[in-house]
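Quick mapping for you: the protein sequence lines, in order, are chains A and B. Residue 120 in our numbering sits at position 96 of the first sequence, with consecutive numbering throughout. Residue 173 in our numbering sits at position 149 of the second sequence, with consecutive numbering throughout. Some notes on the structure that comes next.
Number of protein chains: 2
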Amino acid sequence: MNDAREVVVLRYGHRPGRDDRMTTHVGLTARALGADRVIFPDNAGQSAETIRGVTDRFGGPFAVELRDDQKAFVGNWEGVVVHLTMYGERVQDVEGDVREAVGLDEPDVVGEASPPRDLLVVVGGEKVPWALYERADFNVGVTNQPHSEVAGLAVFLDRLFDGAELDREWADADRRVVPEATGKTVVDAEEGPAEEGPAEEGPAEGNGDGVEGAGEAADRD
Amino acid sequence: MNDAREVVVLRYGHRPGRDDRMTTHVGLTARALGADRVIFPDNAGQSAETIRGVTDRFGGPFAVELRDDQKAFVGNWEGVVVHLTMYGERVQDVEGDVREAVGLDEPDVVGEASPPRDLLVVVGGEKVPWALYERADFNVGVTNQPHSEVAGLAVFLDRLFDGAELDREWADADRRVVPEATGKTVVDAEEGPAEEGPAEEGPAEGNGDGVEGAGEAADRD
Chain A
25 MNDAREVVVL RYGHRPGRDD RMTTHVGLTA RALGADRVIF PDNAGQSAET IRGVTDRFGG
85 PFAVELRDDQ KAFVGNWEGV VVHLTMYGER VQDVEGDVRE AVGLDEPDVV GEASPPRDLL
145 VVVGGEKVPW ALYERADFNV GVTNQPHSEV AGLAVFLDRL FDGAELDREW ADADRRVVPE
205 ATGKTVVDAE EGPAEEGPAE EGPAEGNGDG VEGAGEAADR D
Chain B
25 MNDAREVVVL RYGHRPGRDD RMTTHVGLTA RALGADRVIF PDNAGQSAET IRGVTDRFGG
85 PFAVELRDDQ KAFVGNWEGV VVHLTMYGER VQDVEGDVRE AVGLDEPDVV GEASPPRDLL
145 VVVGGEKVPW ALYERADFNV GVTNQPHSEV AGLAVFLDRL FDGAELDREW ADADRRVVPE
205 ATGKTVVDAE EGPAEEGPAE EGPAEGNGDG VEGAGEAADR D
């Protein structure tokens, strides 16, 4: 969703079977919360297919890439690297610096914003090499507590974009969920606002459990 | 972490084996991001043990409860119920109303804050009954896109507490991670600030992958 810079999420490491669902959720979260692309290890093809399917149906642009050179990819990245880790600096302390480094800051004086730079957000999934801590421009902890790489990524992206990602519009979608106080309404993406178009009652996805993406992910991973 | 009100996360539904990791991550996220208690279905004992272990080591207070009466528990809840669902109202539109409903708002006039009320945040894990949509005071979508219930919970809690959860202090911890720009430092929780106490280099947890909780969760689920 970013015109001036590319924001890429890289999932470091993946154990097929065991990590399928977490990797899928990392990718779906990256897409939903404003990243432009996710990179998975090349053994995470099943998760990649799930993300592509969601993008086909709910819109993009959002790219999924499988690579076998993750270490080199991070090393050669020419923009800013953020590594999310519970050992890192507190997100509330460094988020301003990260925003400034990639040109998402809001300067006091108009016209003095930093130039846009691409951002790579690395999310670990297995033992992360020490070189990654050293290469990262920012090692960032969304709390210094053990929790979830999906949760850490979500909070980081929401703070990086300062909520703007929630207003993103989606291109080339087949369908669109209509936000409402009580209901599960999905319309063709071509239709106008819900109050004008006929609403199709029913679950958006197979199991229609009304959960944040669990229906999506659960059907496919 | 909340004195005036209790914030409880309820994981609705759990498929043993298949959902272990997601349920564990829901619980770890609830703990790390400011909830006071998590309630799992009674078949999620393994996830409950993981959360309790983390609380023993990294501190609390945080409670984990297994219940077989989730539907009745939600129905009988006397405070406010938020149900996170991709079909719900946009979080950016209703977060102010939720904060006001539980007394976390910041009124323009000092002394006019709403009274504190307990909050139950329901996170689906399987087909959520329609009655839950109707019982919820707020059906809230963290985006109306399919992604991850863990990501949705994380963003919701961060916005509910307006970031205050990140500054929470932990009681009765064995160990504490020292936030730093490059490093993986864990100290005994009794020690003072890192610059004063001797730092123990090394991973906090078994596999020490430096990931947001993946090490924790991966070791135990």
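We put the beta carbon where it would ideally sit given N, CA and C, even for glycine.
Open item on the list: For residue 3 (chain A), count the other beta carbons within 10 Å of its own beta carbon; 16 or more makes it buried, fewer makes it exposed. Which is it?
Closed with: Residue 3 (chain A) lies beyond the stretch modelled for chain A, which goes from 25 to 245, so this question has no answer here.
Open item on the list: Assuming the contact rule is C-beta atoms closer than 8 Å, residue 75 (chain B) and residue 32 (chain B) should be a hit. Round their C-beta distance to whole Å, please.
Closed with: For this step, residue 75 (chain B) is matched to residue 51 along the second sequence. For this step, residue 32 (chain B) is matched to residue 8 along the second sequence. At roughly 13 Å, the Cβ-Cβ gap does not stay under 8 Å, so residue 75 (chain B) and residue 32 (chain B) are not in contact.
TODO: Could you tell me the distance, in whole angstroms, from the CA atom of residue 129 (chain A) to the CA atom of residue 138 (chain A)?
DONE: Numbered from its first residue, the first sequence carries residue 129 (chain A) at position 105. Numbered from its first residue, the first sequence carries residue 138 (chain A) at position 114. Whole-angstrom Cα-Cα distance: 7 Å.
Open item on the list: Against chain B, which members of the stretch 97-129 of chain A pass a CB distance test of less than 9 Å?
Closed with: 107, 108, 109, 110, 111, 112, 113, 114, 115, 116, 117, 118
Open item on the list: Between residue 185 (chain A) and chain B, is the shortest Cβ-Cβ distance under 8 Å, so that the two count as touching?
Closed with: For the purposes of this step, residue 185 (chain A) is taken as the residue at position 161 of the first sequence. Judged by the 8 Å Cβ criterion, residue 185 (chain A) is not in contact with chain B.
TODO: Starting from the N-terminal side, write out each stretch of the alpha helix (DSSP H) that is 4 residues or longer and does not extend beyond the stretch 159-216 of chain B.
DONE: Whole alpha helix (DSSP H) segments, 4+ residues: 173-184.
Task: Cβ neighbours of residue 57 (chain A) in the same chain (closer than 7 Å, five flanking residues each side left out) - done: Numbered from 1 along the first sequence, position 33 holds the residue referred to as residue 57 (chain A). So the list reads 178, 181, 182, 189, once near-sequence residues are dropped.
Open item on the list: Restricting to runs no shorter than 3 residues, where is the beta strand (DSSP E) found entirely within the stretch 70-101 of chain B?
Closed with: Along the stretch 70-101 of chain B, the beta strand (DSSP E) occurs as fully enclosed runs of 3 or more residues at 87-91, listed in sequence order.
- [ ] Using a Cβ-Cβ cut-off of less than 8 Å, give me the residues of the stretch 79-95 of chain A that come near chain B, in sequence order.
- [x] 82
Task: As assigned by DSSP and simplified to three states, the class of residue 135 (chain B) - done: Your numbering for residue 135 (chain B) matches position 111 in the second sequence. Residue state, collapsed to three classes: coil.
Open item on the list: Assuming residue 60 (chain A) and residue 100 (chain A) are in contact, meaning their beta carbons sit under 8 Å apart, how far apart are those beta carbons, in whole angstroms?
Closed with: By one-based count along the first sequence, residue 60 (chain A) stands at place 36. By one-based count along the first sequence, residue 100 (chain A) stands at place 76. Contact check for residue 60 (chain A) and residue 100 (chain A): beta-carbon distance about 18 Å, past the 8 Å limit, so the pair fails to qualify.
TODO: Tell me residue 107 (chain A)'s beta-bridge partners as DSSP assigns them.
DONE: One-based indexing of the first sequence puts residue 107 (chain A) at position 83. For residue 107 (chain A), the pairing in a beta bridge is given by DSSP as A:146, A:163.
Open item on the list: Just to confirm the assignment, what range does the beta strand (DSSP E) spanning residue 35 (chain A) have?
Closed with: Translated into the one-based positions of the first sequence, residue 35 (chain A) becomes position 11. Per DSSP, residue 35 (chain A) belongs to the beta strand (DSSP E) from 31-36.
Task: The alpha helix (DSSP H) enclosing residue 122 (chain A), as first and last residue numbers - done: As a position in the first sequence, residue 122 (chain A) is number 98, starting the count at 1. Start and end: 115-126.
- [ ] Using beta-carbon positions only, say whether residue 144 (chain B) and residue 34 (chain B) come within less than 8 Å of one another.
- [x] Walking along the second sequence from the start, residue 144 (chain B) turns up at place 120. Walking along the second sequence from the start, residue 34 (chain B) turns up at place 10. Yes, the pair counts as a contact, with Cβ atoms nearer than the cut-off.
Task: C-alpha gap between residue 296 (chain B) and residue 78 (chain B), whole angstroms - done: Absent from the model: residue 296 (chain B). The displayed extent of chain B is 25 to 245, so no value can be given.
- [ ] Using a Cβ cut-off of 9 Å, pull out every chain A residue sitting near residue 47 (chain B), in sequence order please.
- [x] Working through the second sequence from its first residue, we reach residue 47 (chain B) at position 23. In chain order: nothing, as chain A lies at least about 11 Å away.
Open item on the list: If we define contact as Cβ-Cβ less than 8 Å, is residue 26 (chain B) a contact residue for chain A?
Closed with: Position 2 of the second sequence, counted from the first residue, corresponds to residue 26 (chain B). Chain A contact via Cβ: absent.
Open item on the list: Going by DSSP, what residue range makes up the beta strand (DSSP E) through residue 61 (chain A)?
Closed with: The residue given as residue 61 (chain A) occupies position 37 in the first sequence. From DSSP, the beta strand (DSSP E) with residue 61 (chain A) extends over 61-65.
TODO: Report yes or no: is there a C-beta of chain B within less than 8 Å of the C-beta of residue 182 (chain A)?
DONE: Position 158 of the first sequence holds residue 182 (chain A). At least one chain B Cβ lies under 8 Å of residue 182 (chain A).
TODO: In angstroms with no decimal places, state the Cα-to-Cα distance between residue 15 (chain B) and residue 103 (chain B).
DONE: Here chain B comprises residues numbered 25 to 245, so residue 15 (chain B) is not present and cannot be evaluated.
TODO: Classify residue 132 (chain B) as buried or exposed, calling it buried when 16 or more other Cβ atoms lie within 10 Å of its own Cβ.
DONE: Here residue 132 (chain B) refers to the residue found at position 108 when the second sequence is read from its first residue. Residue burial is scored here from C-beta neighbours: residue 132 (chain B) has fewer than 16 other C-beta atoms within 10 angstroms and is therefore classed as exposed.
Open item on the list: Which residue marks the beginning of the alpha helix (DSSP H) containing residue 247 (chain A), and which one marks its end?
Closed with: The shown model of chain A, from 25 to 245, leaves out residue 247 (chain A), and the question about it has no answer.
Open item on the list: Which residues of the stretch 146-175 of chain A have a Cβ closer than 7 Å to any Cβ of chain D? Give them in chain order.
Closed with: Among the protein chains in the structure shown, which are A and B, there is no chain D.
- [ ] State yes or no: is the C-beta of residue 76 (chain A) nearer than 7 Å to some heavy atom of the ligand SAM?
- [x] Absent from the structure shown: the ligand SAM. Ligands present: none.
- [ ] Whole angstroms is fine: what's the gap from residue 211 (chain B)'s alpha carbon to residue 156 (chain B)'s?
- [x] Here residue 211 (chain B) corresponds to residue number 187 of the second sequence, with the count starting at 1. Here residue 156 (chain B) corresponds to residue number 132 of the second sequence, with the count starting at 1. Between residue 211 (chain B) and residue 156 (chain B), the C-alpha separation is close to 44 Å.
Open item on the list: If I measure Cβ to Cβ from residue 150 (chain B) and keep anything under 6 Å in the same chain, skipping five residues before and after, which residues do I get?
Closed with: To locate residue 150 (chain B), count along the second sequence from 1; it is residue 126. Counting only Cβ-Cβ distances below 6 Å, and skipping sequence neighbours, we find 37.
Open item on the list: Going by C-alpha to C-alpha distance, which of A:174, A:121, A:135 sits closest to residue 163 (chain A)?
Closed with: The residue labelled residue 163 (chain A) in the question sits at position 139 within the first sequence. Nearest of A:174, A:121, A:135 to residue 163 (chain A), Cα basis: A:121.
Open item on the list: Which residues in chain A have a C-beta closer than 8 Å to the C-beta of residue 41 (chain B)? List them in chain order.
Closed with: The residue you call residue 41 (chain B) lines up with position 17 of the second sequence. Within chain A, no residue comes near residue 41 (chain B); the closest Cβ sits about 12 Å away, beyond 8 Å.
Open item on the list: So, for residue 55 (chain A): in the same chain, excluding its five sequence neighbours on each side, which residues have a beta-carbon less than 6 Å away from its beta-carbon?
Closed with: Stepping through the first sequence from its first residue, residue 55 (chain A) is reached at position 31. Closer than 6 Å at the Cβ level, and outside the excluded window around residue 55 (chain A), lie 86.
TODO: Answer with buried or exposed for residue 105 (chain B), where buried requires no fewer than 16 other C-beta atoms within 10 angstroms of its C-beta.
DONE: By 1-based counting over the second sequence, the position of residue 105 (chain B) is 81. Answer is buried; the Cβ neighbour count reaches 16.
Open item on the list: Can you give me the C-alpha to C-alpha distance between residue 224 (chain A) and residue 111 (chain B), rounded to a whole angstrom?
Closed with: Counting from 1 along the first sequence, the entry for residue 224 (chain A) is found at position 200. Counting from 1 along the second sequence, the entry for residue 111 (chain B) is found at position 87. Any reading at residue 224 (chain A) needs caution, since the residue's pLDDT is 38, under 50, leaving its predicted position unreliable; the model's value is listed next. Taking the straight line from one Cα to the other gives about 13 Å.
Open item on the list: Does the CB of residue 31 (chain A) have a neighbour CB from chain B at under 8 Å?
Closed with: Reading the first sequence from its first residue, position 7 is the one you call residue 31 (chain A). False, the Cβ-Cβ gap to chain B never drops below 8 Å.
TODO: Could you check if residue 207 (chain B) is buried or exposed, using at least 16 other CB atoms within 10 Å of its CB as the buried criterion?
DONE: Your numbering for residue 207 (chain B) matches position 183 in the second sequence. So residue 207 (chain B) ends up on the buried side.
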